[in-house]
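Undergrad: One structure is given below, represented as structure tokens, and several questions about it will come after.
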Amino acid sequence: MNTFILNRLKKKASGFLENRTLKTARVLEVRKWPSSTIIEIDLHMPTTSMEDWNEVNYMKCKVADFTYRDYTPSGWDAETQTCTLYIDVNHKGPGCSWAQNLASGDEIGYMGIKSTRQTPVNTSAIICLGDESSLGHLLGMQQLAVPATRFSGAVLMGDDTNRNLFTEYFRTPLQPVLRTDVYGHHSLTEWLLQQSYHLENTFFYLTGNSTMVMQLRKILKQQGYSHNQIKSQGFWS
Ligand SMILES: Cc1cc2nc3c(=O)[nH]c(=O)nc-3n(C[C@H](O)[C@H](O)[C@H](O)COP(=O)(O)OP(=O)(O)OC[C@H]3O[C@@H](n4cnc5c(N)ncnc54)[C@H](O)[C@@H]3O)c2cc1C
Numbered sequence: 072m073n074t075f076i077l078n079r080l081k082k083k084a085s086g087f088l089e090n091r092t093l094k095t096a097r098v099l100e101v102r103k104w105p106s107s108t109i110i111e112i113d114l115h116m117p118t119t120s121m122e123d124w125n126e127v128n129y130m131k132c133k134v135a136d137f138t139y140r141d142y143t144p145s146g147w148d149a150e151t152q153t154c155t156l157y158i159d160v161n162h163k164g165p166g167c168s169w170a171q172n173l174a175s176g177d178e179i180g181y182m183g184i185k186s187t188r189q190t191p192v193n194t195s196a197i198i199c200l201g202d203e204s205s206l207g208h209l210l211g212m213q214q215l216a217v218p219a220t221r222f223s224g225a226v227l228m229g230d231d232t233n234r235n236l237f238t239e240y241f242r243t244p245l246q247p248v249l250r251t252d253v254y255g256h257h258s259l260t261e262w263l264l265q266q267s268y269h270l271e272n273t274f275f276y277l278t279g280n281s282t283m284v285m286q287l288r289k290i291l292k293q294q295g296y297s298h299n300q301i302k303s304q305g306f307w308s
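Residue numbers for the sequence shown follow this note's numbering, beginning at 72 and rising by one.
Dropping the structure here:
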């Protein structure tokens, strides 16, 4: 069988599978940050129950034909079955183009909801660190942690406008940290070194680009935190 026919058969088969498994959500509102680097998307997900969301989840969104990208629902409300995605669009990719073209009233397709297995442990301090792509994840952790656990941390922001907007707009103990290096680990390390955390009963959650996550993990280990006290997940590299 030649490659052309094989590819057509493959497309047909995955199209068939997609039609059976794809769920739909409706876009309620789209908010673009003034710098155009972050887009917030409010979704209504009538076929997804959020009652048992005890871990931060992610959804595989269909962003183009046979193309999927992972995004994190945050600020979920189980009663209205709504949530918000925060999408970092400061690069080129099918996920960015998809997010930039969404408008209220659009329907989006997604392959169900999966867990990142990150949930705040019951301890005296939870510290979350991440970049702009993990904004939804960090806010999701806050939703699960507060008020039971002491929650804080930092999120990288590419410029002062975003940093100020974050402080004004979000009710959160997360501090916006200006990213002065490409992946942001130097900026977050500098911030970390200014904090004084107890070695015991402090848990770190690291999410975002893999370079930043790996480097911060190394620093925390050098500071004496154990493997169990550092939960990390690289989002992109
Ligand atoms: C569990 C999980 C949850 C995630 N949740 C979110 C979320 O809520 N919001 C969000 O924005 N992202 C999130 N991501 C990351 C997102 O899925 C990827 O960044 C995705 O690759 C972006 O797709 P794209 O088509 O825009 O770029 P791609 O086509 O995948 O990549 C194009 C190029 O851009 C680079 N790139 C990818 N993402 C970024 C970025 N953020 N900044 C700079 N360069 C980048 C890539 O390295 C590549 O060189 C999540 C990832 C995982 C694994």
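Note that CB positions come from ideal geometry on N, CA and C, so glycine has one too. No experiment lies behind these values; they were computed from the predicted model shown.
With a threshold of 7 angstroms, establish whether the CB of L164 neighbours any heavy atom of ligand 1.
TA: Translated into the one-based positions of the sequence shown, residue 164 becomes position 93. Note that residue 164 is Gly in the sequence shown, not Leu. G164 Cβ: within cutoff of ligand 1.
Undergrad: Which whole runs of the beta strand (DSSP E) in the segment 185–239 are 3 residues long or more, in chain order?
TA: Complete beta strand (DSSP E) runs here, min 3: 196–201, 222–228.
Undergrad: Would you call the segment 94–109 and the segment 223–233 in contact, with 3 or more CB pairs under 8 angstroms?
TA: Touching, yes, given that three or more Cβ pairs across the two stretches are closer than 8 angstroms.
Undergrad: Please say whether S175 and I198 have beta carbons closer to each other than 8 angstroms?
TA: On the sequence shown, position 127 is the one that residue 198 refers to. On the sequence shown, position 104 is the one that residue 175 refers to. Cβ distance not < 8 angstroms, so I198 and S175 don't count as in contact.
Undergrad: Which term fits I76, buried or exposed, when burial requires 16 or more other beta carbons within 10 angstroms of its beta carbon?
TA: The sequence position of residue 76 within the sequence shown is 5, counting from 1. By the 10 Å Cβ count, I76 comes out exposed.
Undergrad: Of the choices T155, F137, A135, whose alpha-carbon is the least far from that of Y129?
TA: To locate residue 129, count along the sequence shown from 1; it is residue 58. Nearest option by C-alpha distance: T155.
Undergrad: What does the alpha-carbon distance come out to for the pair F274 and V217?
TA: Position 203 of the sequence shown holds residue 274. Position 146 of the sequence shown holds residue 217. Near 15 angstroms, if we compare the C-alpha coordinates of V217 and F274.
Undergrad: Have a look at L259 and H115 and give me their C-alpha separation to the nearest angstrom.
TA: Your numbering for residue 259 matches position 188 in the sequence shown. Your numbering for residue 115 matches position 44 in the sequence shown. In a straight line, the C-alpha of L259 is about 34 angstroms away from that of H115.
Undergrad: Can C132 and I179 be called in contact, C-beta distance under 8 angstroms?
TA: Position 61 of the sequence shown, counted from the first residue, corresponds to residue 132. Position 108 of the sequence shown, counted from the first residue, corresponds to residue 179. The answer is yes: Cβ separation under 8 angstroms.
Undergrad: Less than 7 angstroms separating the Cβ of T281 from some heavy atom of ligand 1?
TA: The sequence position of residue 281 within the sequence shown is 210, counting from 1. Inspection of the sequence shows that residue 281 is occupied by Ser rather than by Thr. Because no heavy atom of ligand 1 lies under 7 angstroms away, the Cβ of S281 does not count as near it: no.
Undergrad: What ranges does the beta strand (DSSP E) occupy inside the segment 235–287, keeping only unbroken runs of at least 3 residues that lie completely in it?
TA: Entirely contained in the segment 235–287, the beta strand (DSSP E) runs reaching 3 residues are, in chain order, 245–249, 273–280.
Undergrad: State the CB to CB distance for the pair Y142 and G207, rounded to an integer number of angstroms; the pair is presumed to be in contact (CB under 8 angstroms).
TA: One-based indexing of the sequence shown puts residue 142 at position 71. One-based indexing of the sequence shown puts residue 207 at position 136. With 8 angstroms as the limit, Y142 and G207 qualify as a contact, their Cβ atoms being about 7 angstroms apart.
Undergrad: Could you tell me which residues DSSP puts in a beta bridge with D159?
TA: Taking the first residue of the sequence shown as 1, we reach residue 159 at position 88. Paired residue(s): I109.
Undergrad: Just mark H298 as buried or exposed, buried being the case when its beta carbon has 16 or more other beta carbons within 10 Å.
TA: The residue you call residue 298 lines up with position 227 of the sequence shown. By the neighbour-count rule (16 or more Cβ atoms within 10 Å), H298 is not buried but exposed.
Undergrad: Hey, is V284 close to ligand 1, as in C-beta under 7 angstroms from one of its heavy atoms?
TA: Position 213 of the sequence shown, counting from 1, holds the residue named residue 284. Answer for V284: no, Cβ out of range of ligand 1.
Undergrad: What whole-angstrom Cβ distance do W262 and A225 have, given they're in contact under 8 angstroms?
TA: The residue labelled residue 262 in the question sits at position 191 within the sequence shown. The residue labelled residue 225 in the question sits at position 154 within the sequence shown. Correct: roughly 5 angstroms between the Cβ atoms.
Undergrad: What whole-angstrom Cβ distance do T278 and G201 have, given they're in contact under 8 angstroms?
TA: Against the sequence shown, residue 278 aligns to sequence position 207. Against the sequence shown, residue 201 aligns to sequence position 130. With 8 angstroms as the limit, T278 and G201 qualify as a contact, their Cβ atoms being about 4 angstroms apart.
Undergrad: Would DSSP call S168 helix, strand or coil?
TA: For this step, residue 168 is matched to residue 97 along the sequence shown. Helix at S168.
Undergrad: Between the alpha carbons of G295 and L245, how many angstroms are there, rounded?
TA: The count along the sequence shown starts at 1 and reaches residue 295 at position 224. The count along the sequence shown starts at 1 and reaches residue 245 at position 174. Taking the straight line from one Cα to the other gives about 23 angstroms.
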